[in-house]
Each structure stands twice: as structure tokens, then as C-alpha cells.
Amino acid sequence: MNHSVVSKFVFLGLTNSWEIQLLLFVFSSVFYMASMLGNSLILLTVTMNPHLHSPMYFLLANLSFIDLGVSSVISPKMIYDLFRKHKVISFGGCITQIFFIHIIGGVEMVLLIAMAFDRYIAICKPLHYFTIMSRKKCILLMVAAWIIGLIHSIVQLVFVAKLPFCGPNIIDSFYCDFPRFIKLACTDTYRLEFMVTANSGFISLGSFFILIVSYIFIVITVWKHSSGSSSKALSTLSTHVMVVILFFGPCIFVYIWPHPTSHLDKFLAVFDAVLTPFFNSIIYTFRNKEMKMAMRKLCSHFIIYRRIS
Numbered sequence: 001m002n003h004s005v006v007s008k009f010v011f012l013g014l015t016n017s018w019e020i021q022l023l024l025f026v027f028s029s030v031f032y033m034a035s036m037l038g039n040s041l042i043l044l045t046v047t048m049n050p051h052l053h054s055p056m057y058f059l060l061a062n063l064s065f066i067d068l069g070v071s072s073v074i075s076p077k078m079i080y081d082l083f084r085k086h087k088v089i090s091f092g093g094c095i096t097q098i099f100f101i102h103i104i105g106g107v108e109m110v111l112l113i114a115m116a117f118d119r120y121i122a123i124c125k126p127l128h129y130f131t132i133m134s135r136k137k138c139i140l141l142m143v144a145a146w147i148i149g150l151i152h153s154i155v156q157l158v159f160v161a162k163l164p165f166c167g168p169n170i171i172d173s174f175y176c177d178f179p180r181f182i183k184l185a186c187t188d189t190y191r192l193e194f195m196v197t198a199n200s201g202f203i204s205l206g207s208f209f210i211l212i213v214s215y216i217f218i219v220i221t222v223w224k225h226s227s228g229s230s231s232k233a234l235s236t237l238s239t240h241v242m243v244v245i246l247f248f249g250p251c252i253f254v255y256i257w258p259h260p261t262s263h264l265d266k267f268l269a270v271f272d273a274v275l276t277p278f279f280n281s282i283i284y285t286f287r288n289k290e291m292k293m294a295m296r297k298l299c300s301h302f303i304i305y306r307r308i309s
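The sequence shown runs 1 to 309 under the UniProt record's numbering.
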């Protein structure tokens, strides 16, 4: 950073059309607020309801916490910049944004694998579920997830933050991330680009295939039974698969696709930053009867408390 001439970067943003900017402003603001409220409600419901203090809901609450972070790292800056002529971010701000994007992404990747493991134990080894998925082991899983996320982010930043930047300083996007950031460096970055692809892209692709294979194995196990609990298990699995596709789809495309296009990258980035956290809360809420009942109970208690006070 001491060798950098560039002290700030300029975003080109999403579009120059005023009408589209207005539409994006309304769209992004509504979904950002909805995702923040939805994930906050899930987090509060799981915390306040003793019946939801199980490994499955513990992991779900952590996913909602991560989704709050996903929404907060990119969306506020994007919404704020929509009508600004000069969309500027400092060098330190850019590095900070990249750091949090990748630490949160790394944690969510491990968390989704932990949730798949939780469903495998619940469906394939139900008698040993609470022994294997004890509270202590769930906490250890989350500690491991944060450590892996931290390592995943720092390993890349150690090399990238030392790159010399002497211009240009224009990023054809609305947020900072490794692929476009590295290309602005005043040196050969081929090896670093390959490292980022290997670190973020191939890990995402590998984790995605591991998860899909795991869910296929679980589905085959479920199909061997023909009870009411089996249909409930399949419904739960379908929500997990949808969340996995929503998370890994944009990541795999952005970091592995050899010929990226700015318009498609921007669309996927908006989808990942604004819609995915919202869809996660909706998927886990509307496809889970126990969660819906707990939320209704929490809201009714809140309304009664407001009337009394």
C-alpha cells in the first residue's frame, strides 16, 4: 500500500439511465430492507423460542446472521451510489469490502456443508443425532467456519494489498472484488488471477459438487422409506438444495467463467447481494411449519406487549 499512487477508486456503477437507476433504487431498497427484517426475525425467533434450540435451527440462525452480513457489505454502498455522479471508494475501503465479502463467503460455504451434514445425520442416523450433533460440536463447527473464512480471505489479501496501483483507477462495477481489482495493478497479475480462481472459484465448484452428491445420497436413503417423515425430510432437503444453488451459482460463474461480461457479472452480483439473502429467509420460513408457528407466536407476544405498555 505504501507504493500505491492510487488512493481511491471510481465505480462505473450499474447503468447511466435515470429511469433504470430509479427502478434499481426502489428494487434494491425494498429487497434490502426485506432481507434485513426477515433474517433478523429468524435470528430473534430461534434465539427466543426454546423449542427451536436444536442443531438444525442453531445452524439456520447462523445462516441468517451471515445473510445479514452479506446484505450489509455491498447493498448500502450500492444504493447510496445509484444517483451519485462520482461513485468513489477509498483504497482502504475497497480492501475492507473485499475482506468482508470473502470472509463471509468462506463462512457461508462451510456453514452450508455443516447444514448438509446435519441433515445427513438426522435422516440416515436419527437415533444418534443428538449425540453426534451436540451443542458443543455445533459451536466447534461455527468456530471452524469463521477460522476457515478468515484464512480464505487473508491468504488472498496478503498478496493483493501489496500490488502497486498507478492508474487507471476505474472499476467497471458497483463494488470491489478481486477479479476487477487485480486487473488495475501496474504489474503482471497472471499468477495472482490464477490464485484467486483456484482459491475462490475451484473451492466453490468443489464444495458445490460435494454438497449436491451428498444430497443425492440422502435422497436415495429417504426414498427407501415410505413414511410421512420421509416426505417431510424431502421437503427440508429441497430447501437446502435451493439455498446451495442460490449461493454457489453466482460464485462459480464470477470466479471460473473464462470470458466474463460486465453486464452479466453485475446482474449476478446484484442477485447475490440483494436477492439471495432475501430468498434464504423466505425459503426457510415459508417451507417450515415449525418456524412459521414460532414467528406467529413471537409477533403475537410483541403485539400484546405493545398494547399493555
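Every residue gets a Cβ at the ideal spot worked out from N, C-alpha and C, and that includes glycine.
Per the C-alpha coordinates, the member of G106, G167, V5, I123 positioned closest to W146 is G106. Counting along the chain, K8 sits inside the beta strand (DSSP E) bounded by residues 8-11. In this structure, F165 is the residue among Y255, F267, F165 with its C-alpha nearest to the C-alpha of V6.
Each of V241, K266, H301 was checked against the Cα of M115, and the nearest Cα belongs to V241.
When the Cα atoms are used, H53 and L59 turn out to be separated by approximately 10 Å. Around the beta carbon of Y284, 16 or more other beta carbons sit within 10 angstroms, so the residue counts as buried. Contact annotation, T187 with L163: C-beta distance approximately 6 Å; criterion of less than 8 Å satisfied. Across the set L275, A161, D172, V46, the C-alpha of A161 shows the shortest separation from the C-alpha of A185. The beta carbons of E19 and F247 sit no closer together than 8 Å. Selection T239, I171, I256, I103 evaluated against S204 yields I256 as nearest (Cα-Cα). By alpha-carbon distance to P168, the top candidate from S214, K183, P55, P76 is K183. In the three-state scheme derived from DSSP, where H, G and I count as helix and E and B as strand, S64 is classed as helix. For K87, the enclosing beta strand (DSSP E) starts and ends at 87-90. Around the CB of N62, 16 or more other CB atoms lie within 10 Å, so the residue is classed as buried.
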